[in-house]
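Accompanying notes for the structure given below.
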Amino acid sequence: MLLLSRLAENLYWIGRYMERAENTARLLNVNYYATLESAGRVREHWRPLLELTGGEGPVIKRYGRVDTRSATAWLAFDQDNPSSIASSLARARQNARGLRDRIPSEMWEALNRSYLNLCFETGGVMDRDGLYEYCVAAREASQFFFGIAFATLPRDEGWSFLRSGQMLERADNTVRVLQARLDSPEDPAAAGGPADPTWRALQEQRWVSVLKGASAFEAYRKSVHSGIDPRGVAGFLLFDEFFPRSVRYSAENLHDALAQIDRRHPDAHPEILRLSRWLVARLQYARVDDVLGAPGPTLPDLLVEINRVGAAIDAAYFRQE
Numbered sequence: 001m002l003l004l005s006r007l008a009e010n011l012y013w014i015g016r017y018m019e020r021a022e023n024t025a026r027l028l029n030v031n032y033y034a035t036l037e038s039a040g041r042v043r044e045h046w047r048p049l050l051e052l053t054g055g056e057g058p059v060i061k062r063y064g065r066v067d068t069r070s071a072t073a074w075l076a077f078d079q080d081n082p083s084s085i086a087s088s089l090a091r092a093r094q095n096a097r098g099l100r101d102r103i104p105s106e107m108w109e110a111l112n113r114s115y116l117n118l119c120f121e122t123g124g125v126m127d128r129d130g131l132y133e134y135c136v137a138a139r140e141a142s143q144f145f146f147g148i149a150f151a152t153l154p155r156d157e158g159w160s161f162l163r164s165g166q167m168l169e170r171a172d173n174t175v176r177v178l179q180a181r182l183d184s185p186e187d188p189a190a191a192g193g194p195a196d197p198t199w200r201a202l203q204e205q206r207w208v209s210v211l212k213g214a215s216a217f218e219a220y221r222k223s224v225h226s227g228i229d230p231r232g233v234a235g236f237l238l239f240d241e242f243f244p245r246s247v248r249y250s251a252e253n254l255h256d257a258l259a260q261i262d263r264r265h266p267d268a269h270p271e272i273l274r275l276s277r278w279l280v281a282r283l284q285y286a287r288v289d290d291v292l293g294a295p296g297p298t299l300p301d302l303l304v305e306i307n308r309v310g311a312a313i314d315a316a317y318f319r320q321e
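Position 68, counted from 1, in the sequence shown is what full-length UniProt numbering calls 68; the numbers after and before it change by one each time, with no gaps.
Pasting the structure below:
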């Protein structure tokens, strides 16, 4: 019998929320310190990151302005933002409360401890210049949680749903980060690449931030030897088959988790495997020029396909009761 829909859904969303907290922590930390070191209007530096969570509108509505302090509060502490670190951890804990008899006690204790340590912080973190420590703690909370799950959780359907949520969220986040950066109007890549050395330096700095936001800077430099440019970074984060935060790697692991569920219930939901396998095939055979321009699958197309897999999972497994 298929794992009870409510329990499967809770595990799936725990995987998504914990991964989301880690992704936001990585991006926030890198962007905050890049802003301190960069010239130009602060608002322009925050716009691509805020695009990941609905744009500047919610921040202006909430705080009346967009600056470093309001953007940081929105992304880190504000539980009205479903993608903030605090909100993601709180929602993961809420889902885990109903599973305390189904998951190892170490997983619950790690998640509950992270919630108590990180979800009641406010702007005081900024006042004491503690954002770096806060983001590191959030990132390590996710890594510690998934590490415990890897070491203690039986490889049954529960593990597969947790893993599928984590991988789906990771793929979705990477595509959104690339899309936000490439769509940025002040990005030289979007404007055609001016020859001014100052613009080139600014472009490289921004794409270094994209890499560091995915903890991919060192891996990229070891793998790609042609310098840092939009196409090189996009190609690595989309198609590298060995880097664990690339979209291709995430999609392949997502498909594996869904295939493991299907093996327990053969052909119960073939459409899910078809969609996930199609996503993997697109990423295996596409080139960066296909994604960044016509006629191949564009970044919005990839995002639609990732979300289509998520919608199929929801319809097949979580809406049966």
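For glycine and all other residues, C-beta sits at the position ideal for the given N, C-alpha and C.
CA-to-CA distance, residue j to residue i, given in whole angstroms
i, j, result
"Arg-139", "Gly-165", "17 Å"
"Asp-101", "Ala-312", "28 Å"
"Pro-230", "Val-247", "16 Å"
"Ala-73", "Leu-131", "10 Å"
"Leu-273", "His-255", "7 Å"
"Leu-99", "Phe-146", "16 Å"
"Ile-261", "Val-288", "32 Å"
"Phe-120", "Arg-128", "16 Å"
"Asp-80", "Asn-23", "18 Å"
"Glu-271", "Arg-200", "45 Å"
"Asp-172", "Ala-268", "25 Å"
"Arg-221", "Arg-206", "15 Å"
"Val-125", "Asp-240", "36 Å"
"Leu-178", "Pro-266", "36 Å"
"Val-304", "Trp-108", "33 Å"
"Ile-228", "Pro-197", "14 Å"
"Phe-243", "Ala-316", "30 Å"
"Tyr-249", "Asp-301", "18 Å"
"Glu-133", "His-45", "21 Å"
"Glu-56", "Arg-47", "7 Å"
"Phe-236", "Lys-61", "37 Å"
"Ala-281", "Ile-148", "31 Å"
"Gly-54", "Tyr-285", "31 Å"
Integer-rounded CB distance, given that residue j should sit under 8 Å from residue i
i, j, result
"Val-175", "Ile-306", "7 Å"
"residue 322", "Ser-83", "Examination of residue 322 is not possible in this model, given that the chain is present from 1 through 321 alone."
"Ala-259", "Leu-279", "Not really, about 13 Å apart at Cβ, beyond 8 Å."
"Arg-113", "Gly-15", "With 8 Å as the limit, Arg-113 and Gly-15 do not qualify as a contact, their Cβ atoms being about 18 Å apart."
"Arg-43", "Val-66", "5 Å"
"Leu-238", "Leu-202", "Between Leu-202 and Leu-238 the Cβ distance is about 23 Å, and since that is not below 8 Å, they are no contact."
"Cys-135", "Ala-25", "4 Å"
"Glu-19", "Arg-170", "5 Å"
Residue i (DSSP reduced to helix, strand or coil)
i, result
"Gly-232", "helix"
"Ser-5", "helix"
"Asp-172", "helix"
"Ile-148", "helix"
"Glu-140", "helix"
"His-45", "helix"
"Arg-65", "coil"
"Asp-267", "coil"
"Thr-122", "coil"
"Pro-244", "coil"
"Glu-56", "coil"
"Pro-197", "helix"
"Gln-79", "coil"
"Ala-251", "helix"
"Thr-24", "helix"
"Arg-277", "helix"
"Gly-213", "helix"
"Gly-15", "helix"
"Asp-183", "coil"
"Arg-97", "helix"
"Pro-297", "coil"
"Leu-153", "coil"
Sequence-distant residues of its chain with Cβ nearer than 7 Å to residue i (five each side left out)
i, result
"residue 330", "Outside the shown range of the chain (1 to 321) lies residue 330, about which nothing can therefore be said."
"Lys-212", "Val-30"
"Arg-264", "Glu-157"
"Leu-111", "Ala-92, Arg-93, Ala-96, Phe-145"
"Arg-245", "Arg-170, Thr-174, Ala-214, Ser-215, Ala-216"
"Tyr-115", "Leu-89, Ala-90, Arg-93"
Close beta carbons around residue i, own chain, < 6 Å, minus the five adjacent residues each side
i, result
"Asn-253", "Met-167"
"Ala-21", "Ile-85, Ser-88, Leu-89, Ala-138, Ser-142"
"Ala-34", "Ser-209"
"Phe-161", "Ala-8, Leu-11, Tyr-12"
"Ala-257", "Ser-160, Arg-163, Ser-164"
"Ser-308", "In the sequence as presented, Ser is not what sits at residue 308; that position holds Arg. Correct list, in chain order: Leu-275."
"Tyr-63", "Ser-70"
"Ala-219", "Phe-243"
Contacting residues, own chain, Cβ-Cβ under 8 Å from residue i (five flanking each side not counted)
i, result
"Phe-217", "Val-208, Leu-211"
"Gly-123", "Arg-69, Ala-73, Phe-77"
"Leu-49", "Leu-27, Leu-28, Asn-31, Ala-71, Leu-75, Ala-180"
"Arg-277", "His-255"
"Thr-152", "Pro-104, Glu-106, Met-107"
"Ser-226", "Gly-232"
Interface flag, residue i vs chain C, CB-CB below 8 Å
i, result
"Phe-144", "Although the question refers to chain C, the structure presented lacks it and comprises just one protein chain."
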